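Colleague: My questions all concern the structure below.
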Amino acid sequence: MTDAPGLHPDTGGPGSLLDLRTPCALVDRAILDRNTERMAARATRLDVRLRPHVKTHTCVPAARLQVRGHFGGITVSTLAEARYFAEAGFGDITHAFPFPMAAIEDAVRIAHKIERLTLLVDQESTLEALDAFCLSRGERFSVMLKVDCGYHRAGVDPRGDEGIALALRLASSPHLEFGGILAHAGHAYACRDADEIRTVAAQERDVTVEFGARLRAEGLEVPEVSIGSTPTIGLADDLEGVTEVRPGNYAFHDVFQATIGTCALDDVAFSVLASVVGRYPDRGALIVDAGALALSKDPGPVHVDPDCGFGVVVSEDGRERHGDLRVVSLSQEHGVIRGAGIERFPVGSRLRILPNHSCLAAASFDRYRIVNGDEIVDEWRPVRGW
Ligand SMILES: Cc1ncc(COP(=O)(O)O)c(C=O)c1O
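Each step along the sequence shown adds one to the number in this note's numbering, with nothing skipped, and position 164 is 164.
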């Protein structure tokens, strides 16, 4: 990461998009600022603390923007992220992924460096193994219980009794600190519009808050009721009973969010700069050098727009949307664009593509060029791996 804005990463001098080899990842600084400010203000207005997920970008400067005005806690999904952000001075980190015991030594090392590393469980066997490990090694961890609020990916059933038993077992351990309950409404991504998202947001809140009340009725203290996704927190009206939210994608947003009604396309901060490497007027196609390795093969919001393809095409400077062009297919390095007016784009011309899913597209790159219009103002390096 360079701290000196305006330096071109390849040449060392002031940079412009023209100097960049493609494909490369661009982050629009002004949009990132706006997205992070908006979400921080929203969390304040909803009277919850913001523990942003940093998985979308996995880099320190963007995480610092996300926590502005809040307590500084973050959410990660890998221990590589936890280690990297701990080393960068983030002191309160929640690893919001069912904890893999094979990584316990890593977790211990990280936990010793910071104020609090919180782990997540929903399996009795993991809880028992964690408890036994802490007993044998004299360690202590903060642990949250994952609750299934309707996504049905992971988490205890909030209506059943197993979750209650697990929480009681967790809270009874002298080596574990019960940090509270955590849910994620990933099913919000199946919504078609803002009204549907608001309904899922209310469900995420109600299911989790009610489960918290069941635990309290059992005599448990539930310090944190943590929920959140970008769609649900972006559109929730009221979060009574919730203490903490963990949206992440909003920092960059993407075509998926814009299509389901979480944001506008103008709010998408992340794009992939690509070059036209082939023009085939007879079959109405352009080939660009951004394939699946640059954009990911996330099929996008096909439940809303079956022909959405693999991203929205905009001009090199990001200012003009080429709504008549579609990224219709991807192979590993090739992107195929079809639509009216391909003759405007000779070989060597450049386009930006707003991806369906910015988290996955960003994960393909080892650096982001931070841009202001077509000027490169900085370069940020994300952490990768597990
Ligand atoms: C457990 C958990 N919390 C929070 C988030 C952030 O949600 P979003 O990506 O919608 O911002 C995710 C994303 O997958 C998640 O898995």
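For glycine and all other residues, C-beta sits at the position ideal for the given N, C-alpha and C.
Quick caveat: nothing in here was measured; it's all calculated off a predicted structure.
1) Just checking my contact of T126 with S142 at CB under 8 Å: how many whole Å lie between their CB atoms?
2) Can we count H357 as close to ligand 1, meaning its CB is less than 7 Å from some heavy atom?
3) Should A41 be labelled buried (16 or more other beta-carbon atoms within 10 Å of its own) or exposed?
4) Ends of the beta strand (DSSP E) at F133?
5) Taking the straight line between their C-alpha atoms, what separation do you get for F90 and D282?
6) According to DSSP, is D3 helix, strand or coil?
7) Which one of G309, G341 and V245 has the shortest CA to CA distance from T259?
8) Based on DSSP bridge pairs, tell me the residues matched to I287.
9) Quick one: Cα of I218 to Cα of D157, how far?
10) Ordered along the chain, which non-local residues of its own chain (more than five positions away) have a Cβ less than 7 Å from that of N249?
11) Where does C59 fall in DSSP's three states?
12) In angstroms, rounded to a whole number, what distance separates the CA positions of A82 and G180?
13) Suppose the cutoff is 8 Å on Cβ atoms and the five residues either side in sequence are ignored; what does the same chain contact list for R214 look like?
14) For P174 and M101, what's the separation of their Cα atoms in angstroms?
15) In whole angstroms, what separates the C-alpha of E105 from that of A111?
16) Using the beta-carbon count (16 or more within 10 Å), is A264 buried or exposed?
17) Run the proximity test for P382: is its beta-carbon closer than 7 Å to any non-hydrogen atom belonging to ligand 1?
18) DSSP three-state call for E37: helix, strand or coil?
19) Who sits around ligand 1, taking every residue whose Cβ is closer than 5 Å to one of its heavy atoms?
20) Buried or exposed for A340, going by 16 or more other Cβ atoms inside 10 Å?
21) Would you be able to state if there are at least three C-beta pairs under 8 Å between the region 202-210 and the region 266-278?
22) Quick check on the DSSP output: the beta strand (DSSP E) that includes S296 runs from which residue to which?
23) Please name the residue in V302, R279, A171 and A96 whose C-alpha comes closest to that of R192.
Modeller: Let me spell this out:
1) With a contact defined as Cβ atoms closer than 8 Å, T126 and S142 miss out at about 15 Å.
2) no
3) Here A41 is exposed: its Cβ has fewer than 16 other Cβ atoms, across all protein chains shown, within 10 Å.
4) Looking at the DSSP string, F133 is not in any beta strand (DSSP E); the run it does join, the alpha helix (DSSP H), is E124 to R137.
5) 55 Å
6) With a pLDDT of 40 at D3, under the threshold of 50, the predicted position of this residue should be treated as unreliable, though the coordinate-derived value follows. Of the three classes helix, strand and coil, the one that applies to D3 here is coil, per DSSP.
7) G309
8) G278 and V336
9) In the sequence as displayed, the identity of residue 218 is Glu instead of Ile. Their backbone Cα atoms lie some 17 Å apart in a straight line.
10) T56, T230, Q257, S358 and C359
11) coil
12) 20 Å
13) P158 and I164
14) Taken atom to atom, the span from the alpha-carbon of P174 to that of M101 is near 19 Å.
15) 10 Å
16) exposed
17) Not so, every heavy atom of ligand 1 lies at least 7 Å from the Cβ.
18) For E37, the three-state secondary structure derived from DSSP is helix.
19) H53, A96, H184, S229, T230, R246, P247, G248 and N249
20) exposed
21) The region 266-278, when compared against the region 202-210, does not touch it at the 8 Å Cβ threshold.
22) First-last for S296: undefined, no H or E at that position.
23) Residue V302 holds the alpha-carbon nearest to the alpha-carbon of R192 among V302, R279, A171 and A96.
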